[in-house]
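Down below is the structure, laid out as structure tokens.
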Amino acid sequence: MGAQVDWSRFSADPRRPEVAGVRASDADRETAIECLREAYADGRLDRIEFDRRSADALAATLLGEFAPLLQDLEPQLPQESSVHEQAVRRYRREARDARNGFVGISVLTTGIWGATNFGDILAGQAGFFWPVFPILGVGAGWLMQVLKRKDRIEHHERRIVRHRRETTED
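Taken in order, the sequence shown gives residues 1 to 170; the numbers are from full-length UniProt numbering.
See below:
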């Protein structure tokens, strides 16, 4: 079971208010004890807390009494952001990477050109500025990122939805 409490092992989900007043069975008490044992084995409970909660679980007469004993044993997962928010974040990262690539290639190639033509530049006879070609190529990629913002976000939304569908089918 690991870090998750398998609430489906109870005769009814003890967290649901409509079943909180239903009487607990011996099987429900044993399920609660098993969850506590696993939490103790994982180190999420110390011995004193395990003993106290086990005694409370054995004494429980209603299903609703199990929820407070077990609920803090599973991690609170952060709220899943919307597909659109995730897609916008991915687009921004992609656009930032394209911009950084443009700046990086511009600085690198211009630096190489400047270093290899340093003497000629000082003499006022600089050679052909060949870095214009990689700068234009990478700049075109960055420009496409900016101009096709909506298309790129929609592309990421489709990928996120497809990924979620594939992971929930497994």
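Every residue gets a Cβ at the ideal spot worked out from N, C-alpha and C, and that includes glycine.
{"Item": "Unbroken stretches of the alpha helix (DSSP H), 4 residues or longer, contained in the stretch 36-113", "Value": "47-59, 67-70"}
{"Item": "PHE66 and ALA24 closer than 9 Å at C-beta", "Value": "yes"}
{"Item": "VAL138, enclosing alpha helix (DSSP H) - first and last residue", "Value": "132-147"}
{"Item": "Length of the line joining the Cα atoms of ARG37 and LEU62", "Value": "20 Å"}
{"Item": "Span of the alpha helix (DSSP H) around GLY119", "Value": "118-122"}
{"Item": "Proximity to VAL132 [Cα-Cα], best of VAL107, LEU122, LYS148", "Value": "VAL107"}
{"Item": "Straight-line Cα distance separating SER54 from PRO14", "Value": "16 Å"}
{"Item": "Proximal residues to ALA95 (C-beta, below 7 Å), its chain only, five neighbours per side dropped", "Value": "GLN145, VAL146"}
{"Item": "C-beta atoms of VAL19 and GLN71 nearer than 9 Å", "Value": "no"}
{"Item": "Burial state of ALA32, where buried means 16 or more other Cβ atoms lie within 10 Å", "Value": "buried"}
{"Item": "Straight-line gap, HIS84 to ARG162 (C-alpha atoms, nearest Å)", "Value": "13 Å"}
{"Item": "Paired residues, beta bridge with ARG29 - DSSP", "Value": "In DSSP, ARG29 forms no bridge with anything."}
{"Item": "Reduced DSSP category for ARG159 - H, G, I as helix; E, B as strand; rest coil", "Value": "helix"}
{"Item": "Proximity winner among LEU136, LEU73, LEU58, GLY111, relative to ALA27 (alpha-carbon distances)", "Value": "LEU58"}
{"Item": "Residue closest to ILE153, alpha-carbon to alpha-carbon, out of ARG99, ARG90, GLU30", "Value": "ARG90"}
{"Item": "Residue from PHE10, ILE135, ARG16 with nearest C-alpha to ASN100", "Value": "ILE135"}
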